[in-house]
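Per full-length UniProt numbering, residue 1 is the first one in the sequence shown, and the count goes up by one each step.
For glycine and all other residues, C-beta sits at the position ideal for the given N, C-alpha and C.
These numbers come from a predicted model, not from an experiment.
Okay, so here's the structure we're looking at.
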Amino acid sequence: MIHRLKRDSVIYAMSNENNPALFINPGDKIIVETEDCFGHKITREEQRLDDEFDFSKVNPATGPIYVQGAQPGDTLAVKIMRIELDFQGVVELCPEFGVLGDVVTECKTKIVKLENNKAIFGALSVDVMPMVGVIGVAPAGVPVPCGIPGKHGGNLDTLEITEGSIIRLPVFVEGGLLALGDVHALMGQGEVCGTGVETRALVVIIVELEKDNELKEPVVETDKAIYFLSSDKLLENAVKKATEYAVDHIAQRRKLSFEEAYMLASIACDLQISQVVNPLKTVKVKVPKTIL
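Right, here's the structure in full:
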């Protein structure tokens, strides 16, 4: 079955108290209209983020989607079938945003036209690389704002969450309560200034339910690799957890000892940074399928 979920059904925190906007069965296809991270409040370069902007409403996520049969301990496997971008996006720079935010003195807005699969940044024309910045489920405990990543997913800002990939999310509450948004037309690894090319989009997904695949944190699968993600306040903690997940997976798949799997990870896997600008930092370990 095919459903359509409009962008007027948004949440600002992943929570088990959110009322479902849509009920689906595993295997259903959903066309999701997503809002940009600023709620479409900045559409011209003369507009800036200011003291009146409500940061409790950043990164609205469309949903939540209740998946019939999903129970705590299960996994949602969400395949990103297609991402259709709006005609423009916005890049925003502000004091305290990003890695060098301490040297930024005032907010600045850059409107980036999106046409013919290109992002027009001033005189530069760059190929777009659409990806979903926020995708997650409801945590079992206190609500988590959509601007924060974690074990539930959320604001992962991971480039590999794109067309053709599958993101697997652990289920913590009945129905999962899946939501997504914060699409970027283009974003560099790390998202160092705090924003990518933020844009509205239409995202087509298929949601499957896996009963025998309990996860600790999100995992992204592409045609060539599996990425084990972890988010933490301290980058080194996220690095350690993501590496543990990757080594454990290699050991299980290849029937290797911990020591052999650890060595194989060191010579064949890549430790990468998804983002360092959110309240929790997100890293990933890329495990090539060729070694599995």
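Residue from the options with nearest C-alpha to residue i
i	options	result
Phe97	Glu52, Ile2, Leu5 and Thr195	Thr195
Thr282	Thr75, Leu235 and Pro143	Leu235
Glu35	Pro20, Asn25 and Pro60	Pro60
Asp102	Val277, Ile291, Leu292 and Tyr66	Val277
Pro218	Lys57, Ile11 and Lys151	Lys151
Leu186	Glu198, Lys79 and Val142	Glu198
Asp50	Ala119, Lys108, Asp270 and Gly89	Lys108
Leu9	Thr105, Ala21 and Asp182	Sequence check: residue 9 is Ser here, not Leu. Measuring from the Cα of Ser9, the nearest candidate turns out to be Ala21.
Phe53	Val104, Phe38, Glu174 and Leu280	Phe38
Lys110	Arg44, Pro72, Asn116 and Val99	Arg44
Asp28	Ile65, Gly133 and Val207	Val207
residue 295	Val287, Ile80, Val104 and Leu177	This structure gives no information on residue 295, because the portion of the chain shown stretches from 1 to 292.
Gln272	Val99, Gly188 and Pro149	Gly188
Ile11	Leu180, Thr290, Ile205 and Gly141	Leu180
Pro130	Leu202, Glu92, Phe121 and Asp270	Leu202
Thr222	Asp212, Cys94, Thr290 and Leu177	Thr290
Leu85	Asp182, Cys269, Lys211 and Arg254	Asp182
Phe23	Ser56, Gly63 and Met263	Gly63
Arg253	Leu292, Lys57, Lys224 and Cys269	Leu292
Ala56	Ile148, Asn213 and Lys224	What sits at residue 56 in the sequence shown is Ser, not Ala. The residue with the shortest Cα to Cα distance from Ser56 is Ile148.
As assigned by DSSP and simplified to three states, the class of residue i
i	result
Ile42	coil
Ala70	coil
Leu76	strand
Leu93	strand
Leu114	strand
Asn155	strand
Asp54	coil
Ala242	helix
Met81	strand
Val197	coil
residue 310	Coverage of the chain is limited to positions 1 through 292, which leaves residue 310 absent and any answer about it impossible.
Asp127	strand
Arg168	strand
Leu22	strand
Leu180	strand
Ser230	strand
Ser274	strand
Through-space distance from residue j to residue i, alpha-carbon basis
i	j	result
Gly190	Leu5	30 Å
Gly175	Leu215	16 Å
Glu260	His249	12 Å
Asn18	Leu256	43 Å
residue 318	Thr105	Summary: the structure shown does not reach residue 318, with the chain confined to residues 1 through 292, and so no result is reported for it.
Gly122	Arg7	29 Å
Val91	Glu163	22 Å
Leu177	Ala140	11 Å
Ile30	Asp270	33 Å
Gln47	Pro72	43 Å
Residue i burial status per 10 Å Cβ neighbour count (16 or more: buried)
i	result
His3	exposed
Ser274	buried
Met1	exposed
Leu156	buried
Gly136	buried
Ile100	Checking the sequence, you will find Leu at residue 100 rather than Ile. Counting Cβ neighbours within 10 Å, Leu100 comes out exposed, since fewer than 16 surround it.
Gly154	buried
Pro170	buried
8 Å CB neighbourhood of residue i in its chain, flanking five on each side removed
i	result
Val220	Thr158, Glu160, Ile161, Ser165, Ile166, Ile167, Arg168, Ile226, Tyr227, Leu229 and Lys284
Ala119	Gly89, Val112, Lys113, Ser125, Val126, Asp127, Val128, Ala185, Leu186 and Val197
Asp232	Ala238, Lys241, Leu280 and Lys281
Ala265	Thr243, Ala246, Val247, Ile250, Val285 and Val287
Phe87	Lys113, Leu114 and Glu115
Tyr262	Val247
Other residues of its chain near residue i: CB distance less than 7 Å, five sequence neighbours each side excluded
i	result
Leu209	Pro26, Val67, Gly69, Ala70, Asp74 and Leu76
Ala13	Pro143, Val144, Pro145 and Cys146
Cys193	Leu93, Phe97 and Gly98
Lys211	Asp74
Ala268	Pro288 and Ile291
Near the ligand GDP: residue i beta-carbon under 7 Å from a heavy atom
i	result
Asp102	In the structure shown, the ligand GDP is absent, as is every other ligand, since no ligand is present at all.
Beta-carbon proximity list for residue i, same chain, < 6 Å, skipping 5 on both sides
i	result
Asn16	Ala138 and Val173
Ile83	Pro130, Glu163, Ala201 and Val203
Val78	Ile167, Ile205 and Val207
Asn213	Thr75
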